[in-house]
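What follows is a short report on a single structure.
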Amino acid sequence: MISANLSAIFYLASGILFILALRGLSSPDTSRQGNYFGILGMIIAVIVSFLSIDSFSINVIYVLLFLIIGGSIGAFIAFKIPMTAMPELVAGFHSLVGLAAVFVAVAAYLNPQAFNLGSPGNIKLASLIEMSIGAAVGAITFSGSIIAFLKLRGIMSGSPITFIGQHYLNLILGIAIFVLIFYLCKLQSDSLFWTVILISFLIGVLLIIPIGGADMPVVISMLNSYSGWAAAGIGFTLENTALIITGALVGSSGAILSYIMCKAMNRSFVSVILGGFGANNSSSDIKEKKDQKPVKSGNAEDAAFLMKNASSVIIVPGYGMAVAQAQHALREMVDKLKKNDIKVTYAIHPVAGRMPGHMNVLLAEANVPYDEVFELEDINNDFANSDVAFVIGANDVTNPIAKTDPKSPIFGMPVLDVEKCKSVLFVKRSLSPGYAGVDNELFYKDNTLMLFADAKKMTEDIVKNLD
Amino acid sequence: MEIDPFIFRLSIFILSIFIGYYVVWSVTPSLHTPLMSVTNAISSVIIVGAIIAALAGSSDNVFEASSIYGFLAITLAAVNIFGGFLVTQRMLQMYKKKKNKKK
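What follows is the structure, given as structure tokens:
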């Protein structure tokens, strides 16, 4: 057994390695090294946790057994998961962190001696508060992530579920948690502890069901943040530096990502949480417009012709590309264009896809060099000087109405200035509005050619026509 | 008067939030998905608590309640650790391949 001081030093070391792991992600070149730092930090933490036990019992074998079982499942998932399913994978992983936090808190509650927190029924006050908070946040993370997972996976409808008095119910439940924790500290009764956890599960569900599909980038980031705070809460309970540092890192990371996502949609965090966005599409209004305005539609041949005669093309991918798995076909198309000396770049809106950076990963999977992929603010001025914008699977993020109509629900949202291109090719299955329920003016512009088809099929047809 | 150790932990916590804040802002947006998967993996360092809980049981009674919760937490956290780091590695590998091709 190593001394408590020595193990604290080691935990600090693994905390620092985790910081370096995140630091590595500042550029793709250093990112892999960063990941190794993270793995090293984890190995140190796990070994130290073994060494900090006085005497080993038969349990070691079981611990290793469960470690191997869990590890194999994790490794299997990591190698099998398609890149398009990353959002639901991350949501699923968040739920596991949340549930693990709950279980650790329960274990600490049932056997406080193991962590020097007192004895059952007589746990130190501070520890009790910390473990209840850790368990509550963990439980919210768990059930919230499960709902997010079901929505992303399509098992549950992505449309918001709202009912009257929802927010009041959440508020009451939230207050109830604090009241229960207060009495838990006074009475140290098991049933109160379990009630806190149960109510927290319920809150997690209620928090996520009113949030709609396209707000998912915010939800995932938010749950990411919660999983961090849960870990930090447990870290305080167990007086473990590695956990406290990591929890704070992950918590602030998720919070920053939520902030970036909200800003990219020009929505306040509160309005995302309150949910219900896109629930009531004014569909009659849209139909009217459709009848009035003519739309130019074309086929793969027209699109190929336009692009062949262009000197620069900007590709705007969106969630539709992920759904259709069109990223490989897209890359093929771009290769053909490049052979004709056409300059091709990619423009990515921060909320394209269902999680932060989703499009970047898909393009990376299709072997698109990352220096051809640009973020909104870096490329937005280039649209005016480009010949063709190829919008594949994106919609709301290109809608010029966000700049012109203060009444529009997406007004003020930063959008890609696609309409400034000489011509716009819009791959879409129908004229239906995007998630925000707003008709896209871009469809009716003179320089827009609509390509009505599945994104993958259309791209493949264009590839054929480029020969 | 002595300072409560809790205050030290709170200091570490607050300072780490600041470190997290600055480090995460420097992450390039194209790596936001790997950022999420790696933070997922590292937050599973909660496994140390699970291991301690699981090992605390006596040899006569391996499956007492607190150890069982420990075992469950170990399994869940292990899925996350291996899954999180490996999927991150897989993603980051893709960012590398392209670069080599270009050279």
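Note that the protein sequences, when read in sequence, are chains R and Z.
Residue numbering for the first sequence follows my numbering, beginning at 1 and increasing consecutively.
Residue numbering for the second sequence follows my numbering, beginning at 1 and increasing consecutively.
Don't be surprised by glycine CBs; every beta carbon is placed ideally from N, CA and C.
Next on the checklist: Please state the DSSP three-state secondary structure of R:K124.
Outcome noted: Here DSSP, grouped into helix, strand and coil, assigns R:K124 to coil.
Checklist entry - Within this structure, are the beta carbons of R:R23 and Z:S26 separated by less than 9 Å? => result Taking 9 Å as the Cβ cut-off, R:R23 and Z:S26 qualify as a contacting pair.
Checklist entry - Helix, strand or coil for Z:F13 per DSSP? => result In the structure shown, the three-state DSSP call for Z:F13 is helix.
Item to check | The beta strand (DSSP E) enclosing R:K343, as first and last residue numbers | outcome: Judged by DSSP secondary structure, R:K343 falls within the beta strand (DSSP E) whose first and last residues are K343 to I348.
Checklist entry - Can a CB atom of chain B be found closer than 9 Å to the CB of R:I161? => result Absent here is chain B; the protein component of the structure consists of chains R and Z.
Checklist entry - Over what stretch of residues does the alpha helix (DSSP H) that includes R:M333 continue unbroken? => result R:M333: member of the alpha helix (DSSP H) spanning Q327 to K339, first to last residue.
Next on the checklist: For a test of the three-state rule: what should DSSP assign to R:E375, helix, strand or coil?
Outcome noted: Reduced to three states, the DSSP call for R:E375 is strand.
Checklist entry - Where does Z:S30 fall in DSSP's three states? => result Helix, per DSSP.
Item to check | Short CB-CB distance (under 9 Å) between R:L192 and chain Z | outcome: It does not: the Cβ of R:L192 has no partner Cβ on chain Z nearer than 9 Å.
Checklist entry - What separation, rounded to the nearest whole angstrom, lies between the Cα atoms of R:A324 and R:L40? => result Between the alpha carbons of R:A324 and R:L40 lies a distance of about 38 Å.
Checklist entry - Whole-angstrom Cβ separation of R:N224 and Z:M91, contact assumed at under 8 Å? => result Beta-carbon to beta-carbon, R:N224 and Z:M91 are separated by about 16 Å, too far to satisfy the 8 Å threshold.
Checklist entry - Could you give the C-beta distance for R:G92 and R:G158, rounded to a whole number, given that I count them as a contact under 8 Å? => result Contact doesn't hold; Cβ gap of about 16 Å is too wide.
Next on the checklist: 9 Å is my cut-off, CB to CB: does R:R23 come that close to chain Z?
Outcome noted: Yes, R:R23 counts as interfacial toward chain Z.
Checklist entry - With DSSP run on the structure shown, which of helix, strand or coil describes R:P294? => result Looking at R:P294 - three-state DSSP - the assignment turns out to be coil, as it is neither helix nor strand.
Item to check | Option nearest R:S72 by Cα separation, candidates Z:A73, Z:I12, Z:E64 and Z:F82 | outcome: The shortest Cα separation from R:S72 among Z:A73, Z:I12, Z:E64 and Z:F82 belongs to Z:F82.
Item to check | R:A45 beta carbon less than 9 Å from that of R:S14 | outcome: With contacts defined as CB atoms closer than 9 Å, R:S14 and R:A45 qualify as a contacting pair.
Item to check | Where R:I161 falls: helix, strand or coil (DSSP) | outcome: R:I161 falls in the coil class under three-state DSSP.
Next on the checklist: If I measure Cβ to Cβ from R:F236 and keep anything under 6 Å in the same chain, skipping five residues before and after, which residues do I get?
Outcome noted: The answer, listed in chain order, is E130.
Checklist entry - What alpha helix (DSSP H) runs, 4 residues minimum, are completely inside the stretch 393 to 442 of chain R? => result Fully enclosed alpha helix (DSSP H) runs of 4 or longer: 401 to 404.
Next on the checklist: Looking only at its chain, what residues have a beta carbon closer than 8 Å to the beta carbon of R:K445, apart from the 5 residues adjacent to it on each side?
Outcome noted: The beta carbon of R:K445 sits closer than 8 Å to the beta carbons of E419 and V424 from its chain, once the five residues preceding and following it are set aside; these are given in chain order.
Next on the checklist: Against chain Z, which members of the stretch 68 to 85 of chain R pass a CB distance test of less than 9 Å?
Outcome noted: Residues of the stretch 68 to 85 of chain R with a Cβ closer than 9 Å to any Cβ of chain Z, in chain order: I68, I69, G70, G71, S72, I73, G74, A75, F76, I77, A78, F79, I81 and M83.
Checklist entry - Does the beta carbon of R:E375 come closer than 9 Å to any beta carbon on chain Z? => result Yes - at least one Cβ of chain Z is within 9 Å of the one on R:E375.
Next on the checklist: What does the Cβ neighbour count give for R:A279, buried or exposed, with the cut at 16 atoms within 10 Å?
Outcome noted: Residue placement at R:A279 is poorly supported in this model, since its pLDDT is 45, which falls under 50; the coordinates still yield a value, given next. Label assigned to R:A279: exposed.
Next on the checklist: When you compare the CB of R:K364 with every CB in chain Z, is at least one pair closer than 9 Å?
Outcome noted: It is worth fixing the name first, because residue 364 of chain R is Ala in this sequence and not Lys. By this cut-off, R:A364 is an interface position.
Checklist entry - Ordered along the chain, which non-local residues of its own chain (more than five positions away) have a Cβ less than 6 Å from that of R:A264? => result Cβ neighbours of R:A264 beyond the five flanking positions: P350 and V351.
Item to check | Residue ranges of each alpha helix (DSSP H) within the stretch 64 to 151 of chain R, 4 or longer | outcome: Counting whole runs of 4 or more residues, the stretch 64 to 151 of chain R contains the alpha helix (DSSP H) stretches 86 to 110.
Item to check | Proximity winner among R:G204, R:D54, R:S95 and R:F149, relative to R:Q113 (alpha-carbon distances) | outcome: For R:Q113, the closest C-alpha among the options R:G204, R:D54, R:S95 and R:F149 is that of R:D54.
Checklist entry - Rounded to whole angstroms, how far is the Cβ of R:S258 from the Cβ of R:V218, which I believe are closer than 8 Å? => result The pair is a contact, with the Cβ atoms about 5 Å apart (cut-off 8 Å).
Item to check | Where Z:M1 meets chain R, residues with beta-carbon distance less than 9 Å | outcome: What Z:M1 touches in chain R: nothing, since even the nearest Cβ is about 17 Å away.
Item to check | Whole-angstrom distance between R:A105 and R:V179, CA atom to CA atom | outcome: Cα to Cα, R:V179 sits roughly 19 Å from R:A105.
Item to check | Short-range partners of chain R found in the stretch 5 to 19 of chain Z, where Cβ spacing is below 9 Å | outcome: Within the stretch 5 to 19 of chain Z, the residues whose Cβ lies closer than 9 Å to some Cβ of chain R are P5, F6, R9, L10, I12, F13, I14, L15, S16, I17, F18 and I19, listed in chain order.
Checklist entry - With 9 Å set as the bound, which would you pick, yes or no: does the beta-carbon of R:T195 sit closer than that to a beta-carbon of chain Z? => result Chain Z, which has no Cβ nearer than 9 Å to the Cβ of R:T195, makes this no.
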